[in-house]
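Protein chains in written order, with my numbering: chain A, 6 to 371; chain B, 40 to 239.
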Amino acid sequence: MHLAQLRLRDFRNYARLDVDLTPGFHLLLGGNAQGKTNILEAIYLLATLRSFRGVGGAQMIRHDHRGYFVGATVVGEGTHAVKMYWSPKERRLTLNGDPVRRLGDYLGVLRVVVFCTEDLQLVKGAAGQRRRFLNLLLAQTHPAYLTMLQRYARAVRSRNALLRQRPLDETALESFSREVVGTGTEITRLRHELIPRISPLARLAYRRISNDAEELKLEYRPSVRADFAAELARVRTRELNYRTTLVGPHRDDLDLTLDRKPASQFGSEGQKRSLAVALKMAQAEYVTGLRGAPPILLIDDVMGELDAKRRAGLLPLLERSHQASGQVFMTCTEENWPHELGRRLQRWEVVSGTLNRVADGAAAPA
Amino acid sequence: MASLPPSLTRLIAALSHLPGVGPRSAERLALHLVQGEPGGVKELARAIVEARETVRNCSTCGALTETDPCELCRDDRRDRALICVVERPVDILLVEKAGVFRGRFHVLGGKLSPLNGVEPEDLRIAELERRVGPEGIREVILALPTDVEGDATCHYLAQRLREVGIQVTRLAHGLPAGSGLEYADELTLTRALEGRSSVL
Chain A
6 MHLAQLRLRD
16 FRNYARLDVD
26 LTPGFHLLLG
36 GNAQGKTNIL
46 EAIYLLATLR
56 SFRGVGGAQM
66 IRHDHRGYFV
76 GATVVGEGTH
86 AVKMYWSPKE
96 RRLTLNGDPV
106 RRLGDYLGVL
116 RVVVFCTEDL
126 QLVKGAAGQR
136 RRFLNLLLAQ
146 THPAYLTMLQ
156 RYARAVRSRN
166 ALLRQRPLDE
176 TALESFSREV
186 VGTGTEITRL
196 RHELIPRISP
206 LARLAYRRIS
216 NDAEELKLEY
226 RPSVRADFAA
236 ELARVRTREL
246 NYRTTLVGPH
256 RDDLDLTLDR
266 KPASQFGSEG
276 QKRSLAVALK
286 MAQAEYVTGL
296 RGAPPILLID
306 DVMGELDAKR
316 RAGLLPLLER
326 SHQASGQVFM
336 TCTEENWPHE
346 LGRRLQRWEV
356 VSGTLNRVAD
366 GAAAPA
Chain B
40 MASLPPSLTR
50 LIAALSHLPG
60 VGPRSAERLA
70 LHLVQGEPGG
80 VKELARAIVE
90 ARETVRNCST
100 CGALTETDPC
110 ELCRDDRRDR
120 ALICVVERPV
130 DILLVEKAGV
140 FRGRFHVLGG
150 KLSPLNGVEP
160 EDLRIAELER
170 RVGPEGIREV
180 ILALPTDVEG
190 DATCHYLAQR
200 LREVGIQVTR
210 LAHGLPAGSG
220 LEYADELTLT
230 RALEGRSSVL
């Protein structure tokens, strides 16, 4: 899967950008605050309708302008034109010229995996970060998952609202509990199935990147171990005190251990970074395995944080994903990238909201 | 700066409260009305007032009607033993269009929604329970939406009606008739698969 064209209007610091792209490895070079990451953000936005920087739409509009536009031609299973316009008053999203009615029809047209500094939170951050990782993976590979997750979230919020009421309406509570248990059980089951599939991929990626002997293990820690309904009944008194739903997939976690020790506590900074990259690599490989075509990789500033040995370990992984007609975009402040990276490297110079192709002849010297 | 006459402004404000009418459409409608044929406008005003005054909810089933009880409730050819519970009055028309249901209806007037403050007392559930006893009802069919609130409401009603000891059923989930699998979303297909039935 690759982008054949990218168009930006009033997006971040880009007034206007029209660029034709080929499959392969694209290196975005430039100083700080020139707009390298904005390109990755725009591509991620088209794929997921969110910013990986965790900001709302208003912040992505060019200063003092009304709205932004992001459009692209995606070549994957067929060729698709995707267009998105956002302003505080108006949102438009079209796929091949038709307005998108159901998100399920749209998500999946463009699949990306982003590597950024915030990934470190997957290892160091709270359980919610890891749940989001699992959710994203399942949403990318299991079409009904997103709908289920939305239903579950709504059922839990309804149930919490009932738990806050006095007097308590037992029958109404039971009715919503049933919905929570039904969808929740299904979500737990899908997460159970997912972990053994991505765990070997993550372990392999970690071993290659770190070159170390430690054994990475991913272990699912479901909030519900056996029967959801029974566990809800068991925490009933506590729920009435706390007035909120205390068990369920919204309380799940994913344990990351290196040689059976929790990585977040015992890992070094370098190990944590390698682990975060390995998880993202596993995500990319898993999606590739299921869909046949590799997702587009967006790599933001991650290389600077890995030492030379780890970068050399990551290299072959990235090369492999752009060989199978995939596409990789990577930002770099200076050309400190190991030169053994493939000869078919497309370099772009990013200077204050413009993108200029650097002539092929100037490609990394051997 | 010239502005619109006050009465016209008031008309625009009133129209913009209608569902699906934004400020722009309200202005267009109002300008059309004040410049149109006076007879036509009077006719429209009369129709609005008359409809509002004569249309009410049937005290038995909750359907929109001019006579109370409504035609559906008075129709002796309809099966008294079956009641189809729907969320809104307009849902009755949808079921009637199919032309296969020959029982009676009951409009709930909404669905349980703790997030929007809709509690059982806000729905016509007590009315339903009152009907179930004396009318000799054998089966209550729930034709409610399949979202979280709709499903929870179904379960809630089944619980309440269980005490009376009558059969409570709900509409099946499944594929839309006469179309291919491509028109069903993933969740529908999942449910359709769960509710599959033997061919022979």
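Using N, Cα and C, we set each Cβ at its ideal position, and we do this for glycine too.
- In this structure, the straight-line span from the alpha carbon of glutamate 158 (chain B) to that of leucine 151 (chain B) is close to 6 Å.
- For serine 273 (chain A), the nearest beta carbon of chain B is not closer than 8 Å to its own beta carbon.
- Within chain A, the residues placing a beta-carbon under 8 Å from that of threonine 229 (chain B) are Ala149, ordered along the chain.
- Residue state for phenylalanine 140 (chain B) is assigned as coil, using DSSP reduced to three classes.
- For threonine 152 (chain A), the nearest CB of chain B lies under 8 Å from its own CB, placing it at the interface with that chain.
- Residues Ala160, Ser163, Arg164, Leu167 of the same chain have their beta carbon placed closer than 7 Å to that of phenylalanine 181 (chain A), with the five preceding and five following residues left out of the count.
- Shown here, alanine 177 (chain A) sits in a helix according to DSSP, grouped into three states.
- Between the segment 114 to 122 of chain A and the segment 77 to 90 of chain A, the count of C-beta pairs closer than 8 Å reaches three or more; the two stretches touch.
- Judged by pairs of C-beta atoms under 8 Å, the segment 147 to 160 of chain A touches the segment 213 to 232 of chain B, as three or more such pairs exist.
- Contact check for glutamate 95 (chain A) against glycine 130 (chain A) fails: the beta carbons are separated by 8 Å or more.
- Residues of chain A with a Cβ closer than 8 Å to the Cβ of arginine 199 (chain B) are, in chain order, Thr176.
- Assigned with DSSP and collapsed to three states, glutamine 155 (chain A) falls in helix.
- Leaving aside the five residues that flank alanine 287 (chain A) on each side, the residues in its chain whose CB is nearer than 7 Å to its CB run, in chain order, Ile203, Leu206, Ala207, Ala210.
- Listed in chain order, the positions of the segment 135 to 153 of chain B with a beta carbon within less than 9 Å of a beta carbon of chain A are Leu151, Ser152, Pro153.
- Apart from the 5 residues on each side of it in sequence, leucine 295 (chain A) sits with its Cβ closer than 7 Å to the Cβ of Thr146 in its chain, given in chain order.
- Counting only the Cα atoms, aspartate 69 (chain A) lies some 52 Å from glutamate 92 (chain B).
- Non-local beta-carbon contacts of leucine 195 (chain A) in its own chain, meaning distances under 7 Å to residues more than five positions away in sequence, involve Leu143, His147, Tyr150 in chain order.
- Identification of residues in the segment 167 to 192 of chain B having a C-beta nearer than 9 Å to some C-beta of chain A yields Asp186, Val187, Glu188, Asp190, Ala191, Thr192, given in sequence order.
- Using a CB distance below 8 Å, the part of the segment 89 to 112 of chain A facing chain B consists of Arg107, Gly109, ordered along the chain.
- Secondary structure note for histidine 31 (chain A): its beta strand (DSSP E) is the uninterrupted segment 29 to 34.
- Contact note: aspartate 161 (chain B) does not reach chain A at a C-beta cutoff of 7 Å; the least C-beta distance is about 12 Å.
- 8 Å or more divides the Cβ of valine 356 (chain A) from the Cβ of cysteine 121 (chain A).
- Interface flag for leucine 232 (chain B) against chain A is unset, since no Cβ pair is found closer than 8 Å.
- Per DSSP, asparagine 361 (chain A) is one residue of the beta strand (DSSP E) stretching across 359 to 362.
- Of the other Cβ atoms in all chains shown, 16 or more fall within 10 Å of the Cβ of leucine 360 (chain A); this residue is therefore buried.
- Between proline 267 (chain A) and serine 228 (chain A), the CB-CB gap reaches or exceeds 8 Å.
- Counting along the chain, the unbroken beta strand (DSSP E) around valine 79 (chain A) starts and ends at 73 to 81.
- In this model, asparagine 216 (chain A) and alanine 52 (chain A) are separated by some 33 Å (Cα to Cα).
- Less than 8 Å separates the beta-carbon of alanine 120 (chain B) from that of glutamate 178 (chain B).
- Across the structure, histidine 212 (chain B) and glycine 234 (chain B) are spaced so that their CA atoms are roughly 7 Å apart.
- Arginine 17 (chain A) has its alpha-carbon roughly 37 Å from the corresponding atom of aspartate 260 (chain A).
- Counting only the Cα atoms, glutamate 66 (chain B) lies some 53 Å from aspartate 257 (chain A).
- Under the three-state reduction of DSSP output, phenylalanine 57 (chain A) falls in the coil class, being neither helix nor strand.
- A residue is called buried when at least 16 other Cβ atoms come within 10 angstroms of its Cβ; alanine 52 (chain B) does not meet this threshold and is exposed.
- By the neighbour-count criterion, in which 16 or more other beta carbons inside 10 Å mark a residue as buried, valine 105 (chain A) falls on the buried side.
- The residue from B:Leu154, B:Val134, B:Arg199 with its alpha-carbon nearest to that of glutamate 166 (chain B) is B:Arg199.
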